[in-house]
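UniProt numbering applies: residue 1 is where the sequence shown begins, and numbers increase by one. The next block holds one structure in the form of structure tokens; read it before the comments.
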Amino acid sequence: MLSKTLQKAFNEQINKEQYSAQLYLSMAAYCESLNLPGIAHWLKEQQREEIGHAMQLYKYIIERGGRVELGVIEQPSLDFKSPTALFQDVLNHERSITASINKLYEKALKENDYASQVMLHGFIKEQVEEEASASEILETLKMAGEKGQALLMLDRQLARRGMG
Ligand code: OFO
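Here is the structure:
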């Protein structure tokens, strides 16, 4: 059985994952408005992944005899200034999620809750990938700039996410 402290922390993490999904969908909508359907597609795939993270936590709380308690999802930004600024925001956001997962893990360590520790290993690994992919796209945008051919090429490349 999950302790009340851990149950609260896992529920808070569900809310953060739901906010991540909301943020990436808002970012996708911004990219659609700039006629960048490939980047928008990448962000919509990201949104789906975030819902997946929330649902993994949902399932885990229930498996451990806990109670899922959903909260209000904060409104995301609507304007992101530029594609480069947007990916800087993605990277900053993922770093804040990594910090939050690490805090959750520390709580599981403190309580000697081994099952929660094992469950969180997947999330810790996932955060390495999340930060790496955001950082890679950000670096490409910084190098290639945001105008013309280079941006179009990146848009085409990101359109292929999830297509093997
Ligand atoms: Fe982006 O990894 Fe979940 O929030």
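Idealized CB from N, CA, C, for every residue including glycine. A quick note: this is a predicted structure, and the numbers were derived from the prediction, not measured.
Same chain, Cβ closer than 8 Å to residue i, five either side skipped, listed in chain order
{"i": "Ser-3", "result": "Glu-111, Asp-113"}
{"i": "Lys-44", "result": "Tyr-24, Leu-25, Ala-28"}
{"i": "Gln-13", "result": "Leu-57, Ser-100, Ile-101, Leu-104"}
{"i": "Glu-94", "result": "Gln-127, Glu-130, Glu-131, Ala-134"}
{"i": "Leu-34", "result": "Pro-83"}
{"i": "Gln-117", "result": "Tyr-105, Ala-108, Leu-109"}
Proximal residues to residue i (C-beta, below 6 Å), its chain only, five neighbours per side dropped
{"i": "Gly-66", "result": "Leu-2, Gln-7"}
{"i": "Arg-64", "result": "Leu-2"}
{"i": "Gln-47", "result": "Ala-21, Tyr-24, Leu-25"}
{"i": "residue 189", "result": "Residue coverage of the chain in this structure runs from 1 to 164, which leaves residue 189 outside it and unanswerable."}
{"i": "Glu-17", "result": "Glu-50, His-53, Ala-54"}
{"i": "residue 242", "result": "Past the boundaries of the shown model lies residue 242; the chain is included only from 1 to 164, so the question cannot be answered."}
Whole-angstrom C-beta distance between residue j and residue i, which should lie under 8 Å
{"i": "Pro-83", "j": "Ala-159", "result": "About 14 Å; that fails the 8 Å criterion."}
{"i": "His-41", "j": "Arg-161", "result": "6 Å"}
{"i": "Tyr-30", "j": "Met-119", "result": "No, Tyr-30 and Met-119 are not in contact; Cβ-Cβ is about 34 Å, not under 8 Å."}
{"i": "Leu-91", "j": "Leu-138", "result": "6 Å"}
Nearest to residue i (by Cα), restricted to the options the options
{"i": "Thr-140", "options": "Leu-154, Lys-147, Gly-148, Gln-149", "result": "Leu-154"}
{"i": "Glu-136", "options": "Gly-162, His-41, Gln-88", "result": "Gln-88"}
{"i": "Asp-79", "options": "Glu-32, Lys-125, Met-163", "result": "Glu-32"}
{"i": "Asn-15", "options": "Trp-42, Leu-152, Gly-52, Arg-64", "result": "Gly-52"}
{"i": "Ile-97", "options": "Ala-54, Leu-70, Ala-85, Lys-81", "result": "Ala-54"}
{"i": "Leu-86", "options": "Glu-49, Ala-115, Glu-146, Gln-117", "result": "Glu-146"}
{"i": "Val-68", "options": "Ala-9, Met-163, Lys-142", "result": "Ala-9"}
{"i": "Glu-74", "options": "Ile-39, Ala-144, Tyr-19, His-121", "result": "Tyr-19"}
For this session: Any chance you could list the alpha helix (DSSP H) runs of at least 4 consecutive residues sitting entirely within the UniProt domain "Ferritin-like diiron" (1 to 145), in chain order?
Result: Complete alpha helix (DSSP H) runs here, min 4: 4 to 33, 37 to 63, 83 to 110, 114 to 144.
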